[in-house]
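Novice: Read in order, the letters of the sequence shown correspond to residues 1 to 178 in the UniProt record's numbering.
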Amino acid sequence: MAATITPLPQLKLDTAGKDPIPKWVPPPETKEDLEWQDLRVLDLALLDGTPEQQKQVEQTCKDALTDEGFLLIINHGVDDETMQRVFDLANWICNGDAMTDEDKKEYEWDRENGDWMGYKPPRGWGEKGREDYDHIEAYNFYGACWEKNRLPPRIRPYADEILAYADVSPRPTAHIEA
Numbered sequence: 001m002a003a004t005i006t007p008l009p010q011l012k013l014d015t016a017g018k019d020p021i022p023k024w025v026p027p028p029e030t031k032e033d034l035e036w037q038d039l040r041v042l043d044l045a046l047l048d049g050t051p052e053q054q055k056q057v058e059q060t061c062k063d064a065l066t067d068e069g070f071l072l073i074i075n076h077g078v079d080d081e082t083m084q085r086v087f088d089l090a091n092w093i094c095n096g097d098a099m100t101d102e103d104k105k106e107y108e109w110d111r112e113n114g115d116w117m118g119y120k121p122p123r124g125w126g127e128k129g130r131e132d133y134d135h136i137e138a139y140n141f142y143g144a145c146w147e148k149n150r151l152p153p154r155i156r157p158y159a160d161e162i163l164a165y166a167d168v169s170p171r172p173t174a175h176i177e178a
């Protein structure tokens, strides 16, 4: 079955009246001689192409997610300014002062009860009941975050931006059957 094309609406995040947050600066490219894992490239511009090109997008997506679990998406329709803002927000939330230690405790996910919403401390992706330190610190946003206002106070003014990006970002790939 060919992919169904869903146009990506133009996304502009509203920063008016909000406190500035630090800009995320990408780290420099490593100078180490490493054996890199090649990533498959998913070119969403091909969804506007021929049925064969659309089928190629489907197959690339399926192969990447089945074989590597990762892929690089290009021509996704989100402009550089918006992506920079999303990276700024993500970095500020995970590495900046968006959350106090008290916030992290109050808004921590409840993994034992299957609630993945909220702050994920740098431990816990191991087997249930184990507290393995995994160095992965994150904040998981789910529908209930917005419905129950389960966001730390400093993050709340930026909720509209996070929600707008979360709402639009899966649309280009939502109808690719893999």
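Glycine residues also receive a C-beta, built at the ideal position from the N, C-alpha and C atoms. As the structure is a prediction and not an experimental result, all values here were calculated from the model.
Does the beta-carbon of residue 133 have 16 or more other beta-carbons within 10 angstroms, so that it is buried, or is it exposed?
Specialist: Along the sequence shown, read from residue 1 onward, the residue named residue 133 stands at position 133. Looking at its Cβ environment, which holds fewer than 16 other Cβ atoms inside 10 Å, residue 133 is exposed.
Novice: Could you spell out where the alpha helix (DSSP H) holding residue 165 opens and where it closes?
Specialist: Here residue 165 corresponds to residue number 165 of the sequence shown, with the count starting at 1. Segment 159 to 168, the alpha helix (DSSP H) holding residue 165.
Novice: Let me check understanding here. Comparing Cα to Cα, which of 57, 88 and 49 lies closest to residue 215?
Specialist: As displayed, the chain neither begins before 1 nor continues past 178, which places residue 215 out of reach and without an answer.
Novice: Checking the sheet assignment: what are the DSSP bridge partners for residue 74?
Specialist: Within the sequence shown, residue 74 is the residue found at index 74, counting from 1. Beta-bridge pairing links residue 74 to 43.
Novice: Identify whether residue 118 lies in helix, strand or coil by the three-state DSSP scheme.
Specialist: The residue you call residue 118 lines up with position 118 of the sequence shown. Three-state result, residue 118: strand.
Novice: Compute the distance between the beta-carbons of residue 46 and residue 54, then report whether it is under 8 Å.
Specialist: The residue labelled residue 46 in the question sits at position 46 within the sequence shown. The residue labelled residue 54 in the question sits at position 54 within the sequence shown. Against a cut-off of 8 Å, the Cβ pair of residue 54 and residue 46 comes out as a contact.
Novice: What is the rounded straight-line gap between the Cα of residue 43 and the Cα of residue 161?
Specialist: Taking the sequence shown and counting its residues from 1, the one referred to as residue 43 is at position 43. Taking the sequence shown and counting its residues from 1, the one referred to as residue 161 is at position 161. If you take the alpha carbons of residue 43 and residue 161, they lie about 25 Å apart.
Novice: Do you know whose CA, among 61, 150 and 78, lies nearest residue 70's CA?
Specialist: The residue labelled residue 70 in the question sits at position 70 within the sequence shown. Comparing Cα positions, the closest option is 61.
Novice: Using the Cα positions of residue 35 and residue 135, report the straight-line distance between them to the nearest angstrom.
Specialist: Along the sequence shown, one-based indexing puts residue 35 at 35. Along the sequence shown, one-based indexing puts residue 135 at 135. About 22 Å.
Novice: Does the Cβ of residue 4 have 16 or more other Cβ atoms within 10 Å, making it buried, or fewer, making it exposed?
Specialist: Stepping through the sequence shown from its first residue, residue 4 is reached at position 4. Confidence at residue 4 is low in this model, with a pLDDT of 49, below 50, so its placement is unreliable and the value that follows should be read with caution. By the 10 Å Cβ count, residue 4 comes out exposed.
Novice: Give every residue of the same chain whose Cβ lies closer than 7 Å to the Cβ of residue 140, excluding the five residues on either side of it in the sequence, and list them in chain order.
Specialist: Locating residue 140 in the sequence shown gives position 140, counting from the first residue. Once the five neighbours on either side are set aside, the close Cβ partners of residue 140 are 109, 116, 117, 118 and 120.
Novice: How far does the beta strand (DSSP E) with residue 64 in it extend, from its first residue to its last?
Specialist: Counted from its first residue, the sequence shown places residue 64 at position 64. Taken as a continuous stretch (DSSP letters only), residue 64 belongs to no beta strand (DSSP E), being part of the alpha helix (DSSP H) at 51 to 67.
Novice: If you draw a straight line from the alpha carbon of residue 20 to that of residue 93, how long is it in whole angstroms?
Specialist: On the sequence shown, residue 20 is found 20 positions in, with the first residue counted as 1. On the sequence shown, residue 93 is found 93 positions in, with the first residue counted as 1. The alpha-carbon atoms of residue 20 and residue 93 are separated by roughly 13 Å.
Novice: Which term fits residue 41, buried or exposed, when burial requires 16 or more other beta carbons within 10 angstroms of its beta carbon?
Specialist: Position 41 of the sequence shown holds residue 41. Its Cβ having fewer than 16 others within 10 Å, residue 41 is exposed.
Novice: Tell me the residue span of the alpha helix (DSSP H) that contains residue 90.
Specialist: Numbered from its first residue, the sequence shown carries residue 90 at position 90. Segment 80 to 95, the alpha helix (DSSP H) holding residue 90.
Novice: Indicate the three-state DSSP secondary structure (helix, strand or coil) for residue 150 in the structure shown.
Specialist: For the purposes of this step, residue 150 is taken as residue 150 along the sequence shown, with counting starting at 1. DSSP places residue 150 in coil when its eight states are reduced to three.
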